[in-house]
Ligand SMILES: CC(C)=CCC/C(C)=C/CC/C(C)=C/COP(=O)(O)OP(=O)(O)O
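Numbering (my numbering), first residue to last: 733 to 982.
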């Protein structure tokens, strides 16, 4: 409805037709941000929570269809027990407070990752939140919790192996398309991120969506996640729009 009003242009010189459909973010640097300020690491994660919410709202306003944020990896259990415990409680709070606000922006929220190892109280909050937002029509928000790319590929392989064993799928029919259908991102229109943003200057994928990132444009920014703001998001999208995507072709 607004396409003529703004001549196809978005704020900050962005072009509507070149917007990334699926954006993924590795929200890195919460602890360093806290330590730099002489604060407990918990306050770094709290600051990250606030930024996550603002960025999700901005993405949905800009017409992003899918946003996937990496909140807790399968390796993060190795952190001090106190920090892990705090994060699990924080995720419960996020679901009970921030998610309500995000669903008011019509977002449909899903958790990806191995939920079985999460505290039972968190698991039941997740089920309720997913249920209550499932008919929303706006941006799809995936929060990766106890997730890793290798986990995702492994769980897809298990599902496929069971289907072959049960005679539902033949080995010859396993291809990239059918594999896609068994990943945690299978239920959506744009399973592969167009743009991955990682904050805090680290140049790694850290076992995030390994299959889905095959042709994703990567953007590494120096700012720590709690410092990342809406202006930085627009800047990231401008950088994305200047790239030429060839997907291995010419
Ligand atoms: C549900 C939800 C989206 C919650 C938002 C809270 C949030 C941003 C959690 C991410 C936690 C995390 C492991 C951040 C990475 O920074 P780090 O701790 O690795 O920092 P460092 O690299 O400085 O050590």
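C-beta: ideal position from N, C-alpha, C; glycine also.
Asked, Found
"Use the C-beta contact count for residue 950: other C-beta atoms within 10 angstroms, 16 or more gives buried, fewer gives exposed.", "exposed"
"Across the stretch 835 to 847 and the stretch 786 to 794, are there enough close Cβ pairs to call them in contact, namely three or more that are closer than 8 Å?", "yes"
"Could you give the DSSP three-state label for residue 840: helix, strand or coil?", "strand"
"Check the DSSP bridge columns for residue 785 and list the partner residues they point to.", "The partner list for residue 785 (beta bridge, DSSP) is empty, contrary to what the question assumes."
"Would you mind sorting residue 979 into buried or exposed? The rule is 16 or more other CB atoms within 10 Å of its CB.", "exposed"
"List the residues that DSSP assigns as beta-bridge partners of residue 816.", "Partner(s): none; residue 816 has no beta bridge."
"Leaving aside the five residues before and after residue 785 along the sequence, list all residues of the same chain whose C-beta is less than 6 Å from its C-beta, in chain order.", "830"
"Mark residue 900 as exposed unless 16 or more other C-beta atoms lie within 10 angstroms of its C-beta, in which case mark it buried.", "exposed"
"Decide yes or no for the touch test of the stretch 888 to 902 against the stretch 864 to 872: beta carbon pairs closer than 8 Å, at least 3 of them.", "no"
"Measure the CB-CB distance between residue 815 and residue 773 and report whether it falls below 8 Å.", "yes"
"Taking 7 Å as the cut-off, is the C-beta of residue 764 nearer than that to any heavy atom in ligand 1?", "yes"
"Would you call the stretch 764 to 778 and the stretch 843 to 858 touching, i.e. three or more CB-CB distances under 8 Å?", "no"
"Does residue 977 pass the burial test, meaning 16 or more other C-beta atoms within 10 Å, or should it be called exposed?", "exposed"
"Using the Cβ count rule (16 or more neighbours within 10 Å means buried), how would you classify residue 806?", "buried"
"Any heavy atom of ligand 1 within a distance shorter than 7 Å of the CB on residue 903?", "no"
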